[in-house]
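> At position 18 of the sequence shown (counting the first as 1) the number is 18 in the UniProt record's numbering, and the numbers step up by one without a gap.
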Amino acid sequence: MGEEGSLLIIVSTLVIGFVIGIILNHFWPLFFINNGTSTSLVIPKGTFGWPLLGETLSFLKPHPSNSIGNFLQQHCSRYGKVFKSHLFFSPTVVSCDQDLNYFILQNEDKLFQCSYPKPIHGILGKVSLLVAVGDTHKRLRNVSLSLISTIKSKPEFINDVERLALQILQSWKAKEHVVFWEESRKFSFNVIVKQVLGLTPDDPQSATILEDFLAFMRGLISLPLYIPGTPYARAVQARSRISSTIKAIIEERRRHGGGDSKKNDFLEILLCVDTLSEDEKVSFVLDSLLGGYETTSLLMAMVVFFVGQSQNVLHQLKEEHDNIGSTKEKEELLNWEDYKKMDFTQKEKY
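Given below as structure tokens:
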């Protein structure tokens with residue numbers, strides 16, 4: 001009985017010590033900032049929320065794309081446009097101030113380093129352009145811009161985009177109801193895998209990548225706890241599978257590269273870049289999928305939503321495109337000269 005009592009005391013002490021450690025670790029920045037040696041530091045108003053979790057769950061709560069969400073609305077109303085919080089296991093200063101955000105972006109790599117929270121690195125990977133900083137980020141960004149410029153300058157780019165758009169529109173004829181945000185995501189993904197990996201929507205590898213990529217996206221902005229079955233753990237596993245699929249495609253290209261079988265896509269050009277490691281090339285492809293899929297599909301959905309609110313804008317867009325279409329032969333695809341004639345379209349997308 002004595003030994004059992006001693007063991008119970010030891011376990012209880014360890015548990016209590018662990019809890020106290022978590023609480024102190026969570027609130028320690030407040031004590032440090034408010035002590036006598038740091039009175040010159042001005043910290044915004046706000047709250048750190050619960051120990052360990054902070055305010056992460058409230059921050060991650062879904063909200064409509066045309067609003068900033070309840071979390072930011074309530075905190076800005078209570079504390080101002082700049083406030084402190086505790087997100088993704090880290091003390092955080094959140095800014096909704098346009099001038100401050102502009103100042104931060106203008107001073108990237110000078111006064112600030114922009115990146116995702118550390119737990120997100122486990123999903124994106126250590127060599128991702130999105131988490132790299134300093135000289136590594138500059139090197140990866142320069143290579144990325146060069147590759148994208150090369151792809152966009154090819155005449156096949158706009159033709160591929162138009163063909164995929166026509167395929168999506170054709171599929172709507174058999175549907176009574178169309179959920180546009182789903183269609184915009186499907187279109188974005190099809191364009192990206194075609195331009196980056198040379199895969200068509202009917203290719204089995206496209207379906208495999210899409211399934212894993214959706215799991216990846218669901219866990220990207222989630223509570224970063226690596227526990228089997230959680231969205232975060234599934235996202236890390238999905239990224240590993242996507243990487244394996246991309247590596248398999250790369251190996252296949254290298255075995256059958258050259259000659260008439262050579263594809264004129266992003267991956268083909270990427271494989272010729274000697275300044276990138278194998279892992280960086282794989283990460284480049286995943287970053288391309290991530291950046292294009294989420295941002296492009298959301299932008300298209302927002303454009304359609306707001307254009308639908310203005311019949312005058314819709315009429316002018318249709319008139320401009322009908323005029324360009326009248327100059328084309330039947331089934332003749334658009335080219336860059338046609339794109340440059342879309343003056344009103346270019347203005348409206350901004």
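Ideal placement from N, C-alpha and C gives every residue a C-beta, glycine not left out.
All of these numbers come straight from a predicted model, not from anything done at the bench.
Residue 209 and residue 220: beta carbons closer than 9 Å?
no
> For the beta strand (DSSP E) that contains residue 86, what are its first and last residues?
Its beta strand (DSSP E) spans residues 82-87.
> Any chance the segment 224-235 sits against the segment 117-130, with 3 or more Cβ pairs inside 8 Å?
A contact exists between the segment 224-235 and the segment 117-130.
> Can you tell which of 90, 189 and 195 has its C-alpha closest to the C-alpha of residue 207?
189
> Going by the DSSP bridge assignment, what does residue 54 pair with across the sheet?
DSSP lists 50 as the bridge partner or partners of residue 54.
> Verify whether the separation of the beta carbon atoms of residue 351 and residue 181 is less than 9 Å.
There is no way to answer for residue 351, as the model of the chain reaches only from 1 to 350.
> Determine whether the beta carbon atoms of residue 345 and residue 139 lie at a separation below 9 Å.
no
> Return the first residue and the last residue of the beta strand (DSSP E) that residue 94 is part of.
90-95
> Using 8 Å as the Cβ pair cut-off and three pairs as the minimum, do the segment 269-286 and the segment 42-49 touch?
Two segments are said to touch when three or more pairs of C-beta atoms, one from each, lie closer than 8 Å; by this definition the segment 269-286 does not touch the segment 42-49.
> Measuring alpha carbon to alpha carbon, tell me which residue in 172, 135, 191 and 123 is nearest residue 152.
191
> Counting only beta-carbon separations shorter than 9 Å, does residue 219 have a partner in chain B?
Checking the listed chains, one finds no chain B in this structure; it contains a single protein chain.
> Distance check for residue 70 and residue 347, CA to CA, integer angstroms please.
32 Å
> Would you kindly work out how many angstroms separate the C-alpha atoms of residue 255 and residue 304, rounded to a whole number?
44 Å
> Grouping DSSP H, G and I as helix and E and B as strand, with all else coil, what is residue 108?
strand
> Please state the DSSP three-state secondary structure of residue 76.
helix
> For the alpha helix (DSSP H) that contains residue 143, what are its first and last residues?
134-152
> For residue 323, tell me which candidate among 339, 84, 185 and 130 has the shortest Cα-Cα distance.
339
> For the segment 92-107 and the segment 119-132, state whether three or more C-beta atom pairs, one from each stretch, are separated by less than 8 Å.
no
> Compute the distance between the beta-carbons of residue 212 and residue 242, then report whether it is under 9 Å.
yes
> Check each candidate in 273, 218, 248 and 163 and name the one with the smallest Cα separation from residue 335.
Ranking 273, 218, 248 and 163 by Cα distance to residue 335 puts 163 first.
> Short of 7 Å in beta carbon distance, which residues of its chain neighbour residue 390, apart from the five on each side in sequence? Order them along the chain.
Lying before the first or after the last residue shown, residue 390 is absent from the chain, which here runs from 1 to 350.
> Going by DSSP in three states, residue 126 sits in which element: helix, strand or coil?
coil
> Buried or exposed: residue 102, going by 16 or more other Cβ atoms within 10 Å of its Cβ?
Residue 102 comes out exposed.
> Please report the straight-line C-alpha distance between residue 193 and residue 42, rounded to a whole angstrom.
So the alpha carbons of these two residues sit roughly 47 Å apart.
> Within 10 Å of its beta-carbon, does residue 133 have 16 or more other beta-carbons around it, so buried, or fewer, so exposed?
exposed
> Taking 9 Å as the cut-off, decide whether the C-beta atoms of residue 129 and residue 146 are in contact.
Not a contact, by the Cβ cut-off of 9 Å.
> Check each candidate in 291, 266 and 249 and name the one with the smallest Cα separation from residue 156.
266
> If you count every other CB in all the chains shown that lies within 10 Å of the CB of residue 148, and 16 or more means buried, which is it?
That one is exposed.
> Run through DSSP, which three-state label would residue 177 get?
coil
> On a CA-only basis, which of 199, 291 and 126 is nearest residue 217? Give me that one, please.
Just measuring C-alpha positions, the residue of 199, 291 and 126 sitting nearest residue 217 is 291.
> Do you know how far the Cα of residue 232 is from the Cα of residue 172?
Going from the Cα of residue 172 to the Cα of residue 232 covers about 34 Å.
> Have a look at 330, 230 and 299 and flag the residue whose alpha-carbon is nearest the alpha-carbon of residue 183.
299
> Between the Cα of residue 179 and those of 87, 301 and 271, spot the shortest distance and give me the residue it belongs to.
Comparing Cα-Cα distances from residue 179 to each of 87, 301 and 271, the minimum goes to 301.
> How should residue 75 be labelled, buried or exposed, when 16 other C-beta atoms within 10 angstroms of its C-beta is the threshold for buried?
The residue is buried, with at least 16 neighbouring Cβ atoms inside 10 Å.
> Going by beta carbon distance, what residues of the same chain come within less than 7 Å of residue 320, once the five residues before and after it are set aside?
342, 344 and 345
> Determine the closest residue to residue 214 out of 66, 230, 235 and 195, with distance taken between C-alpha atoms.
Taking the Cα of residue 214 as reference, the smallest distance to any Cα among 66, 230, 235 and 195 is reached at 235.
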